[in-house]
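Counting from 672, one number per residue, gives the positions in the sequence shown under this note's numbering.
Working notes, structure below.
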Amino acid sequence: MTLDEQIALYAIGALDEQERAEFERQLAASPELRARVAEERAAAIALMLSVEPVVPSPALKQKVLARIPPPRPAESPKSPGLSNWLRYLFGGAAVAFASLALVLGAGLLNTQSQLAQQRAYNAQLQAQLQEVNAQLALSRERAAQLERELSDARDRLAQAEQRVLATQAEADQARAELSAAQAEVARFQEALAVAESELDVLSQRDIRVATIPAFKDEFKQGSLSVFYTPDGGTALITAHNLPPLSPDQTYQVWLIKGDVRLPSEIFNTASDGTGRLIVKSDEPFSAFDNIGVTIEPAGGRPTPNPDGPIFLGPLG
């Protein structure tokens with residue numbers, strides 16, 4: 672029996688005579704032990720008094736009274752234990768009620784600890800949800816703007832087509848404008864497709880957010896976030912404070928599973944150091960252990976031999 676168990680049982684008068692005698696010898700020599708016993712007794716009494724009394728049925732009363740041992744022969748006077756004091760106030764069932772109260776108290780403490788852990792987890796989920804909602808609002812705004820610009824580009828394309836038909840003299844200029852308008856429409860269509868892919872990723876109910884740490888000190892000021900679903904094969908990566916690269920270089924994403932490094936999308940950042948790209952995989956992202964970003968020659972590397980990561984971290 673541990674010391675904590677002895678203290679609890681002594682506090683409610685549940686030790687047998689030999690155990691009580693041995694424990695009281697320790698008690699006489701230890702002020703700290705006496706203080707702990709006093710705390711246990713106070714807790715037992717408080718828990719017992721917090722339970723509303725219920726009149727037992729006659730059958731239950733007889734069973735409880737039958738369990739109470741007969742009076743012991745008179746002994747030398749001792750300070751009354753909590754067991755005798757409880758019996759004096761509340762009858763023979765007090766010890767049983769006090770034991771039950773201690774068990775209920777321990778269960779309450781355990782429940783409170785679990786509740787605190789759940790609240791912390793809920794707060795973490797709430798923070799991630801706020802970040803996802805912010806990115807979702809930004810993507811919606813970008814998609815709406817791109818739709819407006821696409822509509823304007825289509826209008827210009829229609830006007831250019833009309834001018835091509837107007838006169839042969841204006842044909843060359845109109846064809847040039849037509850080509851430029853077609854390229855502009857294609858560019859906005861591609862950008863809109865990316866924005867719609869971002870919306871698809873960010874609208875998933877089981878969206879996760881992974882922050883990938885910098886692997887090299889010179890990129891510590893930058894940040895890389897991955898928005899993905901474990902069972903999905905499409906993710907959104909956002910970059911901040913990454914310096915734009917020269918035309919002969921590019922950033923490249925790598926999906927890592929064990930020792931296998933699979934080359935993925937390439938990208939560059941804008942003049943303000945920001946970048947956004949959609950990464951697609953034939954496998955769900957839960958199949959990968961880590962994700963990395965390297966600096967590679969323009970066009971990226973098609974084979975699994977990156978130059979070395981500048982960002983590297985796990986998904987999850």
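The C-beta atom is built at its ideal place from N, Cα and C for all residues, glycine as well.
Treat the numbers as computed from the prediction; the structure is a model and nothing was measured.
For L907, the enclosing beta strand (DSSP E) stretches over residues 905-911. In this structure, the beta-carbon distance from T909 to I949 does not fall below 8 angstroms.
For the pair G963 and N912, the CB atoms are not nearer than the 8 angstroms cut-off. Taken through DSSP and simplified to helix, strand or coil, N939 comes out as coil. Rounded to the nearest angstrom, the gap between the Cα atoms of G929 and A958 is 10 angstroms. Counting only the Cα atoms, P934 lies some 13 angstroms from E954. By a beta-carbon distance limit of 8 angstroms, Q806 contacts L873. Their separation comes to about 6 angstroms. Note on G984: 16 or more other CB atoms within 10 angstroms of its CB, so buried under the neighbour-count rule.
Taking one beta carbon from each stretch, the segment 963-976 and the segment 914-922 have 3 or more pairs nearer than 8 angstroms; the two touch. The segment 820-828 makes contact with the segment 854-869; the number of CB pairs closer than 8 angstroms reaches 3 or more. DSSP places I678 in the uninterrupted alpha helix (DSSP H) bounded by 674-682. Under the Cβ criterion (8 angstroms, minimum of three pairs), the segment 865-885 does not count as touching the segment 832-848. Out of T900, I937, L698, L916, the CA that lies nearest to the CA of A881 is found in T900. DSSP places E690 inside the alpha helix (DSSP H), whose first and last residues are 688-700. Note on the segment 836-889: whole beta strand (DSSP E) runs with a minimum of 3 residues are 879-883, in chain order. Burial state of Y792 is exposed, judged by a 10 Å Cβ sphere holding fewer than 16 other Cβ atoms. N976 has no beta-bridge partner at all, per DSSP. Per DSSP, Q892 lies in no beta strand (DSSP E) segment and is marked neither H nor E. Rounded to whole angstroms, D877 and L786 show a C-alpha spacing of 23 angstroms. Contact between A714 and I683 is ruled out by a C-beta separation of about 10 angstroms, above the 8 angstroms threshold.
For L786, the three-state secondary structure derived from DSSP is helix. At the C-beta level, A831 and A852 come within 8 angstroms of one another. For G946, the enclosing beta strand (DSSP E) begins and ends at 946-951. Here W925 is near P977, since their CB atoms are less than 8 angstroms apart. Apart from the 5 residues on each side of it in sequence, A814 sits with its Cβ closer than 7 angstroms to the Cβ of L863, A866, E867, L870 in its chain, given in chain order. Membership of L916 in any beta strand (DSSP E) is not indicated, and neither H nor E is assigned to it by DSSP.
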